[in-house]
Amino acid sequence: MRKTLAILLVMLMATGALTTMPAAEATATQWVDEGMMPGERSAFVGVELPDGRLFVALGQYNRNDTWIFDPNDDTWARMSDSPVAGGFSASAYLNGKVYVFGIAQGSGFYDRTLIYDVQNDSWTTGPLLPDVRVVMSAAAMDGRFILLAGGYNYSAYAASTCYLYDTVDNVYIPTSSLPEGRSMGTMIRDGDRIHYFGGIDPSSVVRDEIFGFDIASRTWSTIGHMPSPRACMAGAAGENGILYLLGGGQSAGFNTPSVSSCWAWNSRTGDFWAITDLPVTVRYASAFLIDDGRLICMGGNSGDTVFSHTYSLQTEKITVDLTTSTVGQGESAWMMMTFIGQETTIEGTVYLVRNDVVWGSMQFSYPTNRAVMMSFTIPATLPAGVYTIEFGEVELVGLLSDYYIPSLSLTVTDSASAEELAESLEQQIAALEDELTATRAELMAQLLAAQDAQADAQVYINASLSSIQAALDSLELQLALVGGQLDQAQAEAELGNQSLALLSANVSALMSSLAQLQEQLNDAQEAIDEANLSLASGEDADDLRDQLDGKLDAWVGYAILVAVLACLVMSAVALAIMLRRS
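The numbering of the sequence shown is the working numbering, which starts it at 1 and goes up by one.
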């Protein structure tokens with residue numbers, strides 16, 4: 001940081017405090033399976049729209065369906081189909097429209113330009129390409145032009161010619177050529193430069209060069225090399241000049257072996273570092289970096305297998321905020337810093353700067369995926385004014401140096417004089433006295449209202465007590481009546497018990513009579529048997545009949561007596577049961 005240190009260095013933040021806590025946002029250092037696209041798709045059109053939604057269309061094999069994915073609620077919306085099916089197209093978004101350049105259908109190549117209007121959900125065709133080619137790369141340059149670079153056609157594996165597509169006049173304008181012919185590379189816009197990574201050369205050899213296109217001068221140059229040759233990668237631009245390259249392969253072709261490794265590249269320093277490998281080996285996927293810092297990888301293929309998977313990885317994301325933008329001399333200020341991403345340590349220095357003069361500094365170092373609170377005291381002697389809090393020497397240890405953090409603005413106000421403080425205190429005391437008076441009056445009114453309510457409540461309670469006493473008197477009277485009824489029931493129960501005793505004796509007598517009757521019946525049976533024998537031996541039948549008639553009359557009379565006794569017993573039983581129940 002090229003600043004002049006103040007002669008009167010107040011050692012701002014020298015006694016500051018730094019406290020860490022777990023970050024409020026969850027971090028994921030592994031790829032997460034976010035679900036499926038609507039069908040398998042590779043070498044397709046994938047463009048991020050300004051509102052954060054993702055546009056997906058066409059693709060292998062010969063698809064023409066169009067979809068828009070909303071990552072906020074994970075929903076897919078079906079849109080109008082493309083008028084042409086195919087894949088291996090270049091694409092870019094500009095001014096409400098998605099532009100698609102070149103299409104491959106099977107072994108055929110077509111010089112078509114397709115234009116999708118996002119608001120109207122409609123497709124139209126633009127002018128034909130200057131020549132037939134596919135697997136080009138495209139990137140929006142500004143508010144009017146789209147850069148088209150390289151590509152593959154029937155006569156060359158890799159063209160070096162480039163064009164600017166004028167979206168206003170709908171014409172193609174030749175521009176400076178690539179340093180060498182390329183196709184199947186990955187092109188990403190980053191600030192005032194467009195970068196072209198890898199791809200294959202005219203001999204179908206996979207390359208590792210990085211070409212840079214300066215938008216202002218519209219010229220190409222070779223600016224670096226990747227860690228290894230790679231083609232058919234998915235790419236996306238992140239924050240702080242960090243670009244991401246996912247998957248791809250080290251040989252040309254659609255179904256040749258792919259890789260799962262991924263890189264991050266710092267366009268400011270040229271540093272590469274590996275990020276978490278994808279769960280699958282893949283080429284011809286599409287990549288997006290959405291607003292919440294997730295890196296999205298969709299579709300693609302590995303060999304003859306075409307994917308519909310959607311994966312996400314949380315990338316580096318930092319937020320820095322002051323709890324207040326204004327602080328007085330002699331007061332304290334707090335700043336919160338949260339870094340989400342790869343597990344490492346972030347360290348650097350915070351500077352307080354005004355008019356290119358550094359008035360103080362404080363170093364920090366803390367683990368990533370934490371929220372850190374930095375507190376510092378503004379000295380009473382620090383001149384009032386607008387200061388800038390700047391960050392320098394910020395490093396992700398082992399990953400990235402010179403990490404950029406946007407500066408913050410802090411306004412320091414003059415401290416009050418003794419007279420101003422005394423006047424302020426007097427005003428505060430007067431305000432408190434007024435508040436106390438108002439509060440006392442309000443409480444007194446509430447007390448009077450409570451007393452009135454208490455008197456009303458006492459009247460109600462007295463009336464309620466009188467009603468309760470009357471109810472108790474009525475209850476006592478009812479209890480006395482029930483007691484008399486209970487005494488009568490007990491007397492009747494005793495009478496019933498005596499009746500039951502007499503009944504028991506009668507039943508015993510009846511049982512004895514029944515036993516005697518049974519003996520008489522047995523004697524009758526014996527007499528009948530004797531009569532039958534006598535008749536068989538020739539005795540006089542009339543004499544025997546007279547004897548039997550006499551015995552039968554006696555038996556019948558005895559049986560009638562027993563029956564009468566039984567009726568009396570049954571009546572006694574009924575009477576006893578009634579007495580018991582009453």
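Ideal placement from N, C-alpha and C gives every residue a C-beta, glycine not left out.
What is the DSSP secondary structure of residue i, counted as helix, strand or coil?
| i | result |
| --- | --- |
| LEU399 | coil |
| GLN342 | coil |
| LEU245 | strand |
| VAL320 | strand |
| SER91 | strand |
| MET444 | helix |
| THR381 | coil |
| ALA371 | strand |
| THR29 | coil |
| GLU419 | helix |
| ALA24 | Per-residue confidence for ALA24 stands at a pLDDT of 45, beneath the threshold of 50, marking its modelled position as unreliable; no derived number is given. |
| LEU425 | helix |
| GLN314 | strand |
| THR124 | strand |
| ALA431 | helix |
| THR326 | strand |
| ASP117 | strand |
| LEU481 | helix |
| ASP473 | helix |
| THR437 | helix |
| ASN301 | strand |
| VAL350 | strand |
| ALA453 | helix |
| SER365 | strand |
| ALA463 | helix |
| TRP359 | strand |
Just the C-alpha distance for residue i and residue j, rounded to the nearest angstrom, thanks.
| i | j | result |
| --- | --- | --- |
| ARG189 | ILE215 | 10 angstroms |
| THR323 | MET335 | 6 angstroms |
| GLN454 | LEU448 | 10 angstroms |
| THR125 | PHE69 | 24 angstroms |
| ALA371 | VAL134 | 47 angstroms |
| ILE340 | THR276 | 15 angstroms |
| TRP273 | SER217 | 30 angstroms |
| THR29 | ASP414 | 47 angstroms |
| ILE318 | GLY46 | 26 angstroms |
| MET298 | PRO130 | 31 angstroms |
| ILE405 | LYS97 | 32 angstroms |
| CYS262 | TYR116 | 31 angstroms |
| VAL282 | PRO367 | 32 angstroms |
| ARG294 | TYR311 | 10 angstroms |
| THR113 | ALA159 | 18 angstroms |
Please list, in chain order, all residues of the same chain as residue i whose beta carbon is under 7 angstroms from its beta carbon, the five residues on each side excluded.
| i | result |
| --- | --- |
| ASN64 | LEU58, ASP81, SER82, VAL84 and ALA85 |
| LEU94 | ALA140, ILE146 and THR167 |
| ILE173 | TYR163, LEU164 and ASP166 |
| ASN266 | GLY241, ILE242 and LEU400 |
| THR256 | GLY249 |
| SER122 | SER80 |
| GLY224 | ILE210 and GLY270 |
For residue i, count neighbouring C-beta atoms within 10 Å of its own C-beta (all shown protein chains included) and say buried if the count is 16 or more, exposed if not.
| i | result |
| --- | --- |
| LEU243 | buried |
| MET444 | exposed |
| GLN60 | buried |
| PRO229 | buried |
| ARG41 | buried |
| VAL353 | buried |
| LEU128 | exposed |
| THR222 | exposed |
| PRO71 | buried |
| TYR154 | exposed |
| VAL459 | exposed |
| GLU48 | buried |
| GLU209 | buried |
Can you list, in chain order, the residues of its chain with a C-beta nearer than 6 angstroms to that of residue i? Leave out the 5 residues immediately preceding and following it.
| i | result |
| --- | --- |
| ALA237 | ILE188, ASP190 and LEU243 |
| TRP220 | SER176, LEU178, PRO179, PHE211 and PHE213 |
| THR349 | SER361, GLN363, GLY392 and GLU393 |
| GLY303 | ASN255 |
| PRO279 | TRP31 |
| GLN583 | With the chain covering 1 to 582 only, the question about residue 583 has no answer from this structure. |
| PHE288 | GLU48, LEU54, ALA236 and ILE296 |
What residues in its chain sit with their C-beta under 8 angstroms from that of residue i, if we drop five residues either side in the sequence?
| i | result |
| --- | --- |
| ILE378 | LEU12, VAL327, GLY328, GLN329, GLY330, GLU331, SER332, ALA333 and VAL412 |
| LEU385 | In the sequence as displayed, the identity of residue 385 is Gly instead of Leu. Only ARG354, THR411 and VAL412 meet the Cβ criterion. |
| PRO106 | The sequence given here has Gly at residue 106, not Pro. Here the set comprises ASN62. |
Exercise for the section: Enumerate, from N- to C-terminal direction, the unbroken beta strand (DSSP E) stretches of 3 or more residues contained entirely within the region 215 to 281. Expected result: DSSP runs (the beta strand (DSSP E)) wholly in the region 215 to 281: 219 to 225, 234 to 237, 242 to 246, 262 to 266 and 272 to 275.
Just list the beta strand (DSSP E) runs in the region 59 to 88, keeping only unbroken ones of 3 residues or longer that don't cross its boundaries, in chain order.
-> Correct list: 66 to 70 and 75 to 79.
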